[in-house]
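The sequence shown lines up with residues 4 to 155 when you count with this note's numbering.
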Amino acid sequence: MVGVSARHDIEDRADVEHLVRAFYGRALTDPVIGFIFTDVAHLDVEAHVPVIASFWETILLGGQSYAGGAFRPHAALHAQVPLRSGHFERWLVLWKRTVDESFAGPRAEQAKAHAERVARAFHRRLEGLPVEDVAANPLPIVVTRHGGPPQG
Ligand code: HEM
Ligand code: HEM
């Protein structure tokens, strides 16, 4: 039972990076949401991990390393592939499983609770957006001419 009794809380940036890497190790190959990272976003994991680690460092360790604005890239993503509640549910299952596997304590609990709040907030905000916006469909109204004089 060494693995279980050895679990400690999230203490520093190295712990946060470990958590984030372990999560992406799962998420990228996940049958439900993996394609969003690999095929839609073409995510550069090495570039992405420090950003996400800063997000969690700011939330869990009181750091100031994340500048904010986490919602926006998800709105852009949603324009390409609608992010449904099932995607967020799956994201949360993988996140909580990854947290519990390596960590235990108040910050580990906070990591799970805050993810749930953010996921809910993102989903609610996305529901108010059109599925296809200008990024996916640069000409929302396509005018074609079928005979007659050219339109001015
Ligand atoms: C130690 C306390 C907390 C810290 C340091 C913290 C930090 C953060 C950060 C850095 C973000 C990302 C903001 C962005 O991307 O612009 C965020 C988002 C969010 N937080 Fe917290 N948070 C804390 C507590 C809470 C609590 C207590 C709640 C609710 C009861 C909460 C609800 C949310 C929600 C809903 C979002 C997503 C907002 C959105 O739609 O973009 N947070 N938080
Ligand atoms: C269906 C669920 C989700 C999917 C498929 C998803 C996917 C992605 C992708 C592909 C990116 C990179 C976008 C880009 O840089 O072009 C990203 C960025 C990010 N995601 Fe998510 N995400 C999901 C949910 C969440 C949740 C629930 C959180 C927070 C608890 C979160 C936090 C972040 C943060 C902090 C970034 C970096 C934003 C920045 O560049 O500052 N994501 N996500």
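Using N, Cα and C, we set each Cβ at its ideal position, and we do this for glycine too.
Backbone CA spacing between residue 113 and residue 125 [nearest angstrom]: Here residue 113 corresponds to residue number 110 of the sequence shown, with the count starting at 1. Here residue 125 corresponds to residue number 122 of the sequence shown, with the count starting at 1. Cα to Cα, the separation comes out at about 18 Å.
Closest residue to residue 53 among 118, 45 and 70 (Cα-Cα distance): As a position in the sequence shown, residue 53 is number 50, starting the count at 1. Of the candidates 118, 45 and 70, the one whose C-alpha sits nearest the C-alpha of residue 53 is 70.
What does the Cβ neighbour count give for residue 101, buried or exposed, with the cut at 16 atoms within 10 Å? Mapped onto the sequence shown, residue 101 falls at position 98. The residue in question, residue 101, is buried, as its Cβ has 16 or more Cβ neighbours within 10 Å.
Would the beta-carbon of residue 36 be found less than 7 Å away from any heavy atom of ligand 2? For the purposes of this step, residue 36 is taken as the residue at position 33 of the sequence shown. Result yes, Cβ under 7 Å from ligand 2.
Rounded Cβ spacing between residue 73 and residue 23 (contact assumed at less than 8 Å): Counting from 1 along the sequence shown, the entry for residue 73 is found at position 70. Counting from 1 along the sequence shown, the entry for residue 23 is found at position 20. The pair is not a contact, with the Cβ atoms about 14 Å apart (cut-off 8 Å).
Quick one: grab the DSSP three-state call for residue 156. Residue numbering for the chain in the displayed model covers 4 to 155; residue 156 lies beyond these limits and cannot be assessed.
What whole-angstrom Cβ distance do residue 110 and residue 15 have, given they're in contact under 8 Å? Position 107 of the sequence shown holds residue 110. Position 12 of the sequence shown holds residue 15. Contact flag wrong, Cβ pair sits at about 10 Å.
By DSSP, does residue 143 sit in helix, in strand, or in coil? For this step, residue 143 is matched to residue 140 along the sequence shown. Per-residue confidence for residue 143 stands at a pLDDT of 43, beneath the threshold of 50, marking its modelled position as unreliable; no derived number is given.
Assuming residue 97 and residue 44 form a contact by the criterion Cβ under 8 Å, report the distance between their Cβ atoms to the nearest whole angstrom. Along the sequence shown, read from residue 1 onward, the residue named residue 97 stands at position 94. Along the sequence shown, read from residue 1 onward, the residue named residue 44 stands at position 41. Their Cβ separation, rounded to whole angstroms, is 16 Å, which puts residue 97 and residue 44 out of contact at 8 Å.
Any chance you could list the alpha helix (DSSP H) runs of at least 4 consecutive residues sitting entirely within the segment 45-107, in chain order? 48-63, 74-83 and 88-105
C-beta atoms of residue 77 and residue 129 nearer than 8 Å: As a working mapping, residue 77 is identified with position 74 in the sequence shown. As a working mapping, residue 129 is identified with position 126 in the sequence shown. Yes. Within cutoff.
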